[in-house]
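Quick note, our numbering runs 107 ahead of the 1-based positions in the sequence shown. No residue lacks a Cβ here, since even glycine has one placed at the ideal position from N, Cα and C. This structure is a prediction, so every number in the text was calculated from the model and none was measured. Reviewing the structure listed below.
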Amino acid sequence: MAGDKKPGLSYKARRRWSLVLLLIGMPLYIVAAVTVMNMLDRPHILVELAVYVVLGVLWVLPFKFVFKGVGKADPDAEDNGGG
108 MAGDKKPGLS YKARRRWSLV LLLIGMPLYI VAAVTVMNML DRPHILVELA VYVVLGVLWV
168 LPFKFVFKGV GKADPDAEDN GGG
């Protein structure tokens, strides 16, 4: 059964990393995005809104594999509730 190990992060590791990314990574990314936007001359409000929306979606793409399946039950846990 030693060959049963799945490649990649375990469910618990993905949950921990997703928490770190949401509590630490996202606020840092927001501060960086606002800092960069403040360095530029203030664009039209719709352009600024579009930039923030795009940046809000782009930050999660590299971490998609971490967040995948985190909201579901642990697939490796024993099913103790027999109902």
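Counting Cβ pairs, one atom from each stretch, are 3 or more of them under 8 Å apart for the region 144 to 162 and the region 171 to 183?
-> Judged by Cβ distances under 8 Å, the region 144 to 162 makes no contact with the region 171 to 183, as fewer than three pairs qualify.
Beta-carbon proximity list for Glu166, same chain, < 6 Å, skipping 5 on both sides = Sequence check: residue 166 is Trp here, not Glu. So the qualifying residues of the chain are Tyr136.
Look up Leu130 in the DSSP assignment and say whether it is helix, strand or coil.
-> helix
Helix, strand or coil for Pro169 per DSSP?
-> helix
Through-space distance from Val158 to Val164, alpha-carbon basis = 10 Å
Taking DSSP as the reference, what is the three-state secondary structure of Arg149?
-> coil
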